Amino acid sequence: MAALPVQALPATPPARARNPLRVWPALPQAATTALLLPSLAFLVMFFAFPAVGLLACSVLTQAPDGTIGLPLTLEHYRHFFGTPLYSHVLLTTLRISLVTTGVAMALGYPVALVMVRTNPLVNRILTMVVIAPLIVSVVVRTYGWQLILANGKTGILNWLLLTTGLMRSPVKLLYSETAVVIGSLHVFYPMMVLPLASALGRIDPRIEDAARTLGATSWRIFRRVTVPLSLPGLAVGATLVFSLTAGSFVTPAILGGSSAQMLGMLVDQQILVVYDWPFGATVATVLVTIVLAVNVVSFRVLNLRRTARAA
Amino acid sequence: MSNRLSGPIAWLLFPVTAAMMFFILAPLLVTVAISFSDTPYVVFPPRGFTMNWYAKVLQDSDFQTSLSFSSLLAVGATMGALLLGVPAAFAVARHQFPGRGAAAAMLLSPLVFPVLITGVALLQLFATLRSDSTPLNMLIAHVLVTMPYVVRTVTASLTLADTNLEDAARTLGAGRWRVFRRITIPQIAPGLAAGALFAFMVSFDNFPISLWLADAQHNPIPLLVFQMIGNVFEPSIAAISTLMILLAMVIVMALERVMGLRRAMAI
Chain G
0 MAALPVQALP ATPPARARNP LRVWPALPQA ATTALLLPSL AFLVMFFAFP AVGLLACSVL
60 TQAPDGTIGL PLTLEHYRHF FGTPLYSHVL LTTLRISLVT TGVAMALGYP VALVMVRTNP
120 LVNRILTMVV IAPLIVSVVV RTYGWQLILA NGKTGILNWL LLTTGLMRSP VKLLYSETAV
180 VIGSLHVFYP MMVLPLASAL GRIDPRIEDA ARTLGATSWR IFRRVTVPLS LPGLAVGATL
240 VFSLTAGSFV TPAILGGSSA QMLGMLVDQQ ILVVYDWPFG ATVATVLVTI VLAVNVVSFR
300 VLNLRRTARA A
Chain R
0 MSNRLSGPIA WLLFPVTAAM MFFILAPLLV TVAISFSDTP YVVFPPRGFT MNWYAKVLQD
60 SDFQTSLSFS SLLAVGATMG ALLLGVPAAF AVARHQFPGR GAAAAMLLSP LVFPVLITGV
120 ALLQLFATLR SDSTPLNMLI AHVLVTMPYV VRTVTASLTL ADTNLEDAAR TLGAGRWRVF
180 RRITIPQIAP GLAAGALFAF MVSFDNFPIS LWLADAQHNP IPLLVFQMIG NVFEPSIAAI
240 STLMILLAMV IVMALERVMG LRRAMAI
């Protein structure tokens with residue numbers, strides 16, 4: 000699916016002068032409840048409840064006949080962290096997600112900067128090119144990368160390298176961590192560029208002008224003014240890219256194969272192939288914990304900055 | 000100010016930007032090019048020109064079944080997401096009530112949770128409930144993943160709408176319902192359209208939820224393509240992929256038209 004940016008709602012409606020004739024706030028509390036109840040009930044029933052159920056499953060025991068129940072146990076976690084194969088998958092997941100996030104930051108910054116500092120037409124084209132692939136299914140985009148990265152002479156990159164004479168023999172890229180990083184970078188790159196561009200766009204140009212008037216060089220302005228002011232966007236982007244990469248399935252399955260196994264593939268294998276629900280749930284819990292931890296930390300950091308600035 | 004990008008920094012930025020645009024488009028362009036290749040296997044550069052892969056794919060019964068199932072599912076999910084998401088967006092954007100922040104967070108929470116895991120959790124739930132109708136299970140799951148997008152887009156357009164117009168209409172004697180119908184709805188119509196288009200595409204493209212819930216008779220397009228990647232080596236996959244890219248481009252144009260791409264994504 001097109002995984003799309005996760006961002007907070009525009010939190011508060013813009014403050015307006017108090018007006019006794021305000022139409023909506025005059026509605027009774029019952030109306031608010033009626034508007035919200037169906038969606039919240041749906042979310043509790045089909046999201047919160049099953050999610051908690053699955054995570055709880057990780058401390059339960061599966062009987063030989065497949066039923067899951069008591070006694071409570073931490074055995075699955077011991078098994079997960081005690082088996083080198085699984086620790087390896089965990090480390091691979093963290094490594095791929097970190098590298099993808101780092102590369103996305105390095106390559107996202109220039110593009111975001113150009114987007115906000117260029118003329119409206121170019122900005123519009125760049126925005127289209129960055130966003131459009133988001134709406135193309137991940138499976139389709141990953142297929143394109145499989146065509147490009149394919150090993151042997153049939154791979155497009157190899158064809159290019161051999162034809163131009165840059166390489167004597169084809170390189171092996173497909174089914175490696177590098178291939179997964181390239182694919183993930185492509186899939187999640189917009190999540191880095193868009194929040195960054197919106198943070199950069201909010202910087203008051205007068206601050207940079209002031210710095211210039213005071214004699215700062217453009218490099219120094221970039222380092223001391225632009226970068227610090229864009230950090231919230233960078234934090235949002237990094238959180239998104241990291242969590243989405245860590246939780247991905249399609250890209251590692253197609254581009255990584257068995258040599259770059261990630262947690263998502265392990266969950267799939269444990270549940271659909273081995274039918275070991277408690278252990279699959281354990282792997283899922285580890286993945287969810289990583290993703291939520293990264294989100295909570297980044298949310299805290301952003302909030303601290305905001306309160307620090309308000310104070 | 001367009002003169003802000005100058006000096007050595009600009010010399011670095013423009014080539015990187017151009018390279019990244021190429022990086023973003025490359026896998027899509029390659030797929031389109033290969034889909035016309037007149038060879039029984041994937042080869043680059045593509046040889047000859049043929050539309051045969053499209054003819055083959057469009058006549059393929061698996062593809063037809065998947066296409067109609069995916070389309071029905073996406074339409075159903077969009078309607079469900081609008082039905083649940085639009086009222087919720089109204090409550091969050093226009094009403095002050097205790098717990099408003101928590102309600103907004105709850106509505107968007109499926110976006111933060113790894114989608115793959117949401118899928119497993121639903122599989123377990125449906126197994127426990129003995130709900131064995133695949134289309135119904137998948138509809139529920141797809142409503143769940145598309146609703147947050149509707150909530151976000153509609154909330155954004157409600158926040159941007161000018162409430163003074165509503166106040167003015169009230170002052171001039173219009174009833175609440177009339178204000179809603181004649182003032183509010185027309186103002187947020189682009190947001191509603193964008194939310195619906197988004198929900199449709201998110202459902203149509205979804206893989207990590209469908210992976211768990213689909214069966215052989217109800218196999219959405221992304222799953223079909225994924226299975227083909229594993230065992231078909233001819234350019235027919237490229238042909239299906241190109242059709243999906245084409246659909247996505249149509250939706251992108253429509254989104255840009257109705258609301259502006261960036262605003263529709265609420266970024």
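Same order as they appear, the protein sequences are chains G and R.
First residue of the first sequence: 0, per numbering that gives the first Met the number 0; consecutive thereafter.
First residue of the second sequence: 0, per numbering that gives the first Met the number 0; consecutive thereafter.
Where a beta carbon is used, it is the ideal one built from N, C-alpha and C, also for glycine.
Bear in mind the structure is a predicted one, so any value in this text is a computation, not a measurement.
Alpha-carbon spacing of His87(G) relative to Gln186(R), whole angstroms: 53 Å
For Ala188(R) and Val142(R), the rounded distance between their alpha carbons: In a straight line, the C-alpha of Val142(R) is about 21 Å away from that of Ala188(R).
Contact set between Val180(G) and chain R, taken where Cβ atoms lie within less than 7 Å: Neighbours of Val180(G) in chain R, taken as residues at a C-beta separation under 7 Å, are lacking, since the least C-beta distance is about 13 Å.
Burial state of Phe96(R) (16 or more Cβ within 10 Å): exposed
First and last residue of the uninterrupted alpha helix (DSSP H) at Glu207(G): Start and end: 204 to 212.
Proximity below 8 Å, CB of Val236(R) to CB of Ile228(R): Position check: residue 236(R) holds Ile in this sequence, whereas Val was assumed. Contact flag set, yes.
Cβ-based contacts, 7 Å cut-off: residues of the segment 68 to 98 of chain R near chain G: Leu83, Gly84, Pro86, Ala87, Phe89, Ala90, Val91, Ala92, Arg93, His94, Gln95, Phe96
Beta-carbon proximity check, Ile244(R) vs Val224(R), cutoff 8 Å: Pairing Ile244(R) with Val224(R) gives a Cβ-Cβ distance that is not under 8 Å.
Three-way DSSP call (helix, strand, coil) for Thr166(R) in this model: Reading the sequence as shown, one finds Asp at residue 166(R) and not Thr. Three-state DSSP puts Asp166(R) in a helix.
Beta-carbon proximity of Phe278(R) to Asn163(R), cut-off 8 Å: Since the first residue of chain R shown is 0 and the last is 266, residue 278(R) is not available in this structure.
Spatial neighbours of Phe79(G) in its chain, beta-carbon cut-off 7 Å, leaving aside the 5 residues before and after: Tyr85, Thr281, Val282, Val285
Contact check, Thr91(G) vs Glu176(G), beta carbons under 8 Å: yes
Pair within 8 Å by beta-carbon distance, Asn205(R) and Val144(R): yes
Expected contact under 8 Å - CB spacing of Leu222(R) and Ser38(G) to nearest Å: At roughly 27 Å, the Cβ-Cβ gap does not stay under 8 Å, so Leu222(R) and Ser38(G) are not in contact.
Pro207(R) beta carbon less than 8 Å from that of Gly118(R): yes
Integer-rounded CB distance, given that Ala140(R) should sit under 8 Å from Leu212(R): 6 Å
Segment contact flag, the segment 220 to 234 of chain G with the segment 169 to 187 of chain R, C-beta cutoff 8 Å, min 3 pairs: no
Partners in chain R for Gly101(G), counting only beta-carbon separations shorter than 7 Å: Simply none; closest approach about 15 Å.
Rounded straight-line distance, which links the Cα of Val201(R) to that of Arg129(R): 27 Å
Span separating the alpha-carbon of Leu112(G) from that of Ala307(G): 26 Å
Cβ-based burial, Trp276(G) [other Cβ within 10 Å; buried from 16]: With 16 or more Cβ atoms within 10 Å of its Cβ, Trp276(G) is classed as buried.
Where the alpha helix (DSSP H) containing Pro189(R) begins and where it ends: 184 to 204
At least three beta-carbon pairs within less than 8 Å, the segment 202 to 217 of chain G to the segment 132 to 144 of chain G: no
Cβ-Cβ distance between Pro113(R) and Val287(G) below 8 Å: yes
For Ile67(G), three-class secondary structure by DSSP: Here Ile67(G) sits in strand by DSSP.
Residue-chain proximity (Val240(G), chain R), Cβ-Cβ < 8 Å: Not an interface residue.
Neighbourhood of Ser156(R) by C-beta, 6 Å cutoff - its chain only, sequence neighbours within 5 removed: Ile187, Gly190
Contacts of Ala247(R) in chain C (Cβ-Cβ under 9 Å): Given the protein chain composition of this structure (G and R), no chain C is represented.
Beta-carbon proximity list for Phe62(R), same chain, < 6 Å, skipping 5 on both sides: Val56
Beta-bridge pairing of Leu32(G) - partner residues as DSSP gives them: Sequence inspection shows Thr at residue 32(G); the Leu mentioned does not correspond to that position. According to DSSP, Thr32(G) bridges with nothing at all.
Nonlocal neighbours in the same chain, by C-beta distance under 6 Å from Pro24(G), ignoring five residues either side: Because Pro24(G) sits at a pLDDT of 47, beneath the cut-off of 50, its placement in the model cannot be relied upon, and the point is left open.
Cα-Cα separation between Ile182(R) and Pro147(R), rounded to whole angstroms: Answer to the nearest angstrom: the Cα atoms are 25 Å apart.
Three-state class that DSSP yields for Gln95(R) in the structure shown: coil
Host alpha helix (DSSP H) of Leu262(G) (start-end): Note, Leu262(G): alpha helix (DSSP H), 262 to 267.
Euclidean distance between Cα positions of Val102(G) and Leu184(G): 8 Å
Gln61(G) - partner residues in DSSP beta bridges: Ile67(G)
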